[in-house]
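Read the structure below first, then the notes.
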Amino acid sequence: MDLALLVGVSQVYISQFETGVLTPSEKQIKEIAEILGLDSETLNKELHQFYEARRKELKKRIGGAREMPK
69 MDLALLVGVS
79 QVYISQFETG
89 VLTPSEKQIK
99 EIAEILGLDS
109 ETLNKELHQF
119 YEARRKELKK
129 RIGGAREMPK
């Protein structure tokens with residue numbers, strides 16, 4: 069089944085969760101966890117870890133781009 073349809077959001081919205089562009093609301097986390105058969109606390113923890121890793125990666129990329137000579 070389509071996760072976006074089950075949660076009641078667009079596929080683009082789900083894609084933005086997956087890429088770290090948007091953070092799902094608590095309600096959406098609970099819905100997604102239930103659909104996936106996970107505990108919402110576990111999913112929330114996993115999402116938090118993912119977003120933190122994504123932020124660090126982006127900061128590293130941006131920092132590296134600033135240090136490049138012209």
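Counting with our numbering, you get residues 69 to 138 for the letters of the sequence shown.
In this text, a Cβ means the ideal position worked out from N, Cα and C, and glycines have one as well.
Residue burial classification, residue i (beta-carbon count within 10 angstroms, cutoff 16)
i           : result
residue 130 : exposed
residue 80  : exposed
residue 75  : buried
residue 100 : buried
Cβ neighbours of residue i in the same chain (closer than 6 angstroms, five flanking residues each side left out)
i          : result
residue 71 : 82
Contacting residues, own chain, Cβ-Cβ under 8 angstroms from residue i (five flanking each side not counted)
i           : result
residue 98  : 108
residue 102 : 108
Continuous alpha helix (DSSP H) stretch holding residue i: start and end
i          : result
residue 89 : Careful: residue 89 lies outside any alpha helix (DSSP H) and carries neither H nor E.
residue 77 : Element bounds for residue 77: n/a, residue is neither H nor E.
7 angstroms Cβ shell around residue i - same chain, five flanking residues per side excluded
i           : result
residue 132 : none
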